[in-house]
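Only one structure is covered here, and it is reproduced in the block below.
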Amino acid sequence: MLEQKLHRQLRHAAVLTACVGAVILLVGLGLAGYLYGIRRQAQRERAIAEAEEYRSRIRKQLQADFKTLAALSAFIGPEEADDLHALASQISQAQNYCDFVNVVYFNRDGRGVICGRDDSVIVDASFDDLSSQGRYSIEQALAGQNFISKLFNSEITQMSVFVYSVPVYSDGELIGALAASDHIEIFSDILSGNTVLGGRGYIHMINSQGQFLIRSPHTVVREELPSIFDGPYLSQSSRTQVQEALDNQQQLFSTFRYEGHEYPFLLEPVGINNWYLFCVSTGSGEAAYMERTMSVIQAMLAAVALLLIFFMIYGYRLLHSSNQKLLQLAYRDSLTGAENMVRFTQRLISSLEEGRGCVAALNLRQFPFLTELFGRKRTEQLLCRIKEILDEHVQDNEFFCRDTEDRFYLFLRQTDPDIIRARLKSLSADIEQYPMGSSTDYRLAVYCGVTIADEGADARQESEAMLTRIHFALDKAQGGHSSTIWFFDTELHKQEELENYIESHMQNALAKEEFKLYLQPKIRLEDGKLYGAEALVRWQTGDGRTVYPNQFIPLFERNGFCVELDLYMVEQACRHLRAWMDRGLSPVPISVNQSKLLFFQADYVSRLTQLLETYQISPTLIILEILEGLALENVEELNAKISQLQAIGFRVSLDDFGSGYSSLNTVGKLQIDEIKLDRAFLLDAADRKGRVRLIMEETVRMAQRLGISTVAEGVETPEDEQLVRSIGCDVGQGYLYSRPLAAGDFDERYMAGS
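Following full-length UniProt numbering, the numbering of the sequence shown begins with 1 at its first residue and continues without gaps.
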């Protein structure tokens, strides 16, 4: 009830604060944002329109100058071009009617005249008499192009000039180039008017480095700076944006600050020589209006701030008065007074950030039984005593909590398993000493699971991982009659995860035919030809992962899934035999392993027969391999089943002979058709004249007398092959011939020519 009341009070205060503050803030911010957005958009649109107009005027000025040059070039013919003195006189006269600084003409052979505004004339001039920009402009015109040069300092006028150049044609043939230089100030009249942005703005012309080419006399920045980047007026972000726009010939709308005021500006490419218009809006009338508007908005925001402060103080006083009770409810176990799991998790993250340690989980053997036997009051007293014992055992920077029922979690600043084990043994011993009752000698047992923090792991992720791992460790510790301590084993857990994956996916994998048929050849030792093949299984999951037989076969034998898998492999073998015959290939027998669980199923034989009928396969092409362990239980029952299979036409092979406990006497009693000598024989027969060799020889000799064919497994070297051939084995199988191959690869290698 107390917690609910506190939450209700805090909720009312929070809702009231949030509602009032949100309404005022939203209205104020919305209005400010709306007005500011309208203003910025209007400024942008007007600046773009204005800049476009002035850019158009500049282009018209340039076009007019080009037309003037073109008109001059029309009066130059081959005769004038050859008589440079006469041509110089004509150009000087024409120059009196135009405002060019210099006018230059050059023939294609590099001879020309240079006429200045001061009536200076150079006849029979060469390219060396020109500046580099002038020379380049003439070259472009001689190449047939109209051209405008970059700005450069004139040696004559000591001012920045640029050059126009046009090709000169006579009867369609290029005979020379005409060029004229002019000051950049020709555009000053265009840009220096006081009507920019309706009298509330001005325009500069700058180059791609931000340097001023033409300055407007109406600028708000009084200092004469070399470029727009000089001075603290552009913010760092604006500098970056401006530089990118200059580098990429892009339009940009941004702002700069000067003497406490913000001024929007537009950067507009002229499209010639990397020149830009720098259009600034001073907005004199608009600024005052916006300042008044912003003052109102600021007053509204101040009122919001005062309200928020008031309610924050009010909420703080409520929180302060109930803080201890809230903490008790949020972070403490109501029975024992120990911290709860929420607080433990928080402290665990902080502690792992400071360094490594371990988490131990404790609970009692048969705790529900203790409650039933001794009563709830006594077990609650036991839990409180455990809390006291934990208090006595924890050291600095260590802590614990009670979670549910009898489960406690403990963080220790230890990573040495021996030290951890010793401390937990001491703790468990103290708990075991607690007397449950005067009339009983019942002894408590404590189960402890432990996990140690990984080195270098992220604290939050590692805390979650440790609290997950500790459950597996505690689960392993439970079940015994005495106190047990179990450390989390990563490799064992991975194995358990793999087994869980296998069991949860095996049915689906069988349905999707993820179990693939692999074949290992069996070679006749007499002539080295293919005798048959053994069917082996590989699990290839849908995501490309491979699960190996030693990972799933033992588990399938324990859970009984080997029955379905073995029959599946028989069907895969039958299907492959059918494919061979359909392709006109001569099939060879395929051996298939059969588990004990399947072999003694009541419908085993009928299911095999049904597969033969389905695929129209002769039973002589299937060899059923059984393990020698089957022969140790009931030879008569086993022989009866073998006889039933042989009557149909199947052959039965005893696999892995020599790896277990079967004897020659047992083999003599079995009605098998084939015996496979385990590789252990070859491994132990390094001494070719030793006892193992004699045993192998006797086994093979006995099998021959009984009419049983022999297969030697594990033939990996030529020496192994020589040995098994010398003792009379019929067939060899092993890596000397081939590793197990996917069915398709086996066909390409061994069946292509059959």
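Glycine residues also receive a C-beta, built at the ideal position from the N, C-alpha and C atoms.
Worksheet item: So, are the CB atoms of L510 and E557 less than 8 angstroms apart?
Response: Taking 8 angstroms as the Cβ cut-off, L510 and E557 do not qualify as a contacting pair.
Item to complete: May I ask you to report which of helix, strand or coil DSSP gives K516?
Response: In the structure shown, K516 sits in a strand (DSSP, three-state: E or B).
Item to complete: Report the residue from R108, Q133, N96, D128 whose alpha carbon sits nearest the alpha carbon of G116.
Response: Ranking the options by Cα distance to G116, first place goes to N96.
Worksheet item: Is R239 near the ligand GDP, in the sense that its beta carbon is under 7 angstroms from a heavy atom of that ligand?
Response: By its list of ligands, the structure shown contains no ligand whatsoever, and the ligand GDP lies outside what it can speak to.
Worksheet item: Alpha carbon to alpha carbon, what distance is there between Y501 and P619?
Response: Approximately 36 angstroms, taken between the alpha carbons.
Worksheet item: What is the DSSP secondary structure of R421, reduced to helix, strand or coil?
Response: Reduced to three states, the DSSP call for R421 is helix.
Item to complete: Taking 8 angstroms as the threshold, find out whether the stretch 43-50 comes into contact with the stretch 268-284 through three or more Cβ pairs.
Response: Contact between the stretch 43-50 and the stretch 268-284 is present, with at least three C-beta pairs closer than 8 angstroms.
Worksheet item: How is the beta strand (DSSP E) around V450 delimited, first residue to last?
Response: Start and end: 446-452.
Worksheet entry | Cutoff 6 angstroms; reference H183; Cβ partners in own chain excluding five residues on either side | Around H183: M159, V161.
Practice prompt. Give the secondary structure of G285 by DSSP, where H, G and I count as helix, E and B as strand, and everything else as coil.
Written response: Reliability fails at G285, whose pLDDT of 49 lies under 50, so the model's placement of it is uncertain and no value is given.
Worksheet item: Do the stretch 663-679 and the stretch 628-648 touch if we need at least three Cβ pairs shorter than 8 angstroms?
Response: In the pairwise beta carbon analysis, the stretch 663-679 is classified as touching the stretch 628-648: at least three pairs are separated by under 8 angstroms.
Discussion item. Can you look up G629 in the DSSP assignment and give me helix, strand or coil?
Written reply: Three-state result, G629: helix.
Worksheet item: When we look at the beta-carbon of H481 and count the other beta-carbons within 10 Å, is it buried (16 or more) or exposed?
Response: Looking at its Cβ environment, which holds fewer than 16 other Cβ atoms inside 10 Å, H481 is exposed.
Worksheet item: Of the choices R257, E259, L266, E748, whose alpha-carbon is the least far from that of Q251?
Response: Looking at the Cα atoms, L266 is the closest of the given residues.
Discussion item. Quick check on the burial criterion: 16 or more other C-beta atoms within 10 angstroms. Buried or exposed for C19?
Written reply: Per the 10 Å Cβ criterion, exposed.
Worksheet item: When the Cα of G176 is compared with those of Q211, V113, D128, L130, which residue comes out closest?
Response: Just measuring C-alpha positions, the residue of Q211, V113, D128, L130 sitting nearest G176 is V113.
Discussion item. Give me the residue from L84, S591, F369 with the minimum Cα distance to R443.
Written reply: Ranking L84, S591, F369 by CA distance to the CA of R443 puts F369 first.
Item to complete: Mind checking which residues open and close the beta strand (DSSP E) that includes T484?
Response: Following the DSSP letters along the chain, one finds T484 inside the beta strand (DSSP E) bounded by residues 484-487.
Discussion item. By the three-class DSSP mapping on this structure, what secondary structure does residue 766 have?
Written reply: Residue 766 lies beyond the range of the chain shown here (1 to 754); nothing can be said about it.
Worksheet item: Does the separation of the CB atoms of F600 and I622 fall below 8 angstroms?
Response: For F600 and I622, no; Cβs fall outside 8 angstroms.
Practice prompt. Return the chain-ordered list of same chain residues with a C-beta closer than 7 angstroms to the C-beta of L611, the five sequence neighbours on each side being excluded.
Written response: Short of 7 angstroms from the beta carbon of L611, and not among the five residues preceding or following it, lie these beta carbons of its own chain, in chain order: V570, E571, C574.
Practice prompt. Give the single residue among E80, E491, Q211 whose Cα lies nearest to the Cα of Y169.
Written response: Ranking E80, E491, Q211 by Cα distance to Y169 puts E80 first.
Worksheet item: Which residue's Cα is closest to the Cα of D656: N665, K676, L638?
Response: Ranking the options by Cα distance to D656, first place goes to K676.
Practice prompt. Kindly indicate which three-state DSSP category H85 falls into: helix, strand or coil?
Written response: Of the three classes helix, strand and coil, the one that applies to H85 here is helix, per DSSP.
Practice prompt. Determine the contact status of L536 and P740, defining contact as a CB-CB distance below 8 angstroms.
Written response: Yes; because the gap between Cβ atoms is below 8 angstroms, this pair is in contact.
Worksheet item: When we look at the beta-carbon of D333 and count the other beta-carbons within 10 Å, is it buried (16 or more) or exposed?
Response: That one is buried.
Practice prompt. Go to N508, then tell me how far its alpha helix (DSSP H) extends in each direction, as first and last residue.
Written response: Taken as a continuous stretch (DSSP letters only), the alpha helix (DSSP H) holding N508 covers 490-511.
Worksheet item: Tell me, which residues are paired with H204 by DSSP?
Response: Its beta-bridge partners are F278.
Worksheet item: Among the residues of its own chain, which have a CB less than 7 angstroms from the CB of Y604, if the five just before and after it don't count?
Response: So the qualifying residues of the chain are L598.
Item to complete: Starting from N363, follow the beta strand (DSSP E) in both directions and report where the run begins and ends.
Response: Per DSSP, N363 belongs to the beta strand (DSSP E) from 358-364.
Discussion item. Suppose only complete runs of 4+ residues qualify. What are the alpha helix (DSSP H) ranges in the stretch 585-644, listed by chain order?
Written reply: As for any alpha helix (DSSP H) of minimum length 4 sitting wholly inside the stretch 585-644, the runs are 596-599, 604-615, ordered along the chain.
Practice prompt. Identify which residue in F399, T68, A303, L412 has its Cα closest to the Cα of G357.
Written response: Checked all of F399, T68, A303, L412; the closest Cα to G357 is L412.
Practice prompt. Closer than 7 angstroms by C-beta to T609: which residues in its own chain qualify, once you throw out the five before and the five after it? Chain order, please.
Written response: Excluding sequence neighbours, T609 sits near I648.
Worksheet item: Rounded C-beta distance between L130 and P167? I'm assuming under 8 angstroms.
Response: Rounded, the Cβ-Cβ distance is 17 angstroms, inconsistent with contact.
Practice prompt. Compute the Euclidean distance between the alpha carbons of G528 and T541, then round it to the nearest angstrom.
Written response: Roughly 36 angstroms between the two C-alpha positions.
Worksheet item: Sorted by chain position, which residues of the same chain lie with C-beta nearer than 8 angstroms to V342's C-beta, five sequence neighbours on each side aside?
Response: Cβ within range, chain order: A330, Y331.
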